[in-house]
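The sequence shown lines up with residues 869 to 957 when you count with the working numbering.
Glycine included, each C-beta is placed from N, C-alpha and C at the ideal position.
Take a look at the structure below.
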Amino acid sequence: MEPITVEALNGKLAAQSALLSALIRVLPLDALGALEAELTRDLAQAQAGPALPPAALEAYGKAAEAHLAAVREASTKKAWQAPSTNGAG
């Protein structure tokens, strides 16, 4: 995994923040899973970047964890709201 620059990291974070609240309301469950995987990869890439100042990495980590928590919460809610496919109903 290639390291990411602070500028690229900030750009990703701004884009994620701007779209996240709208996306989690309208994305289907499988797309939320893909979004969660992408956010997890971004966080891992940021943590692998030795060129990042510790304060920048900490700030990004907190924001990324908040984004992941929001996506996971939305996934859980959608999973509970999804029609049962176990034949009992």
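When Cβ pairs closer than 8 Å are counted between the two stretches, the segment 896-907 is seen to touch the segment 928-939, the count reaching three or more. Going by beta carbons, Ser943 and Leu911 fall outside the 9 Å limit. Here Leu895 carries a coil assignment [DSSP, helix/strand/coil]. Close CB contacts of Leu877 within its chain, under the 6 Å cut and outside five residues either way in sequence, are with Ala914 and Tyr928 (chain order).
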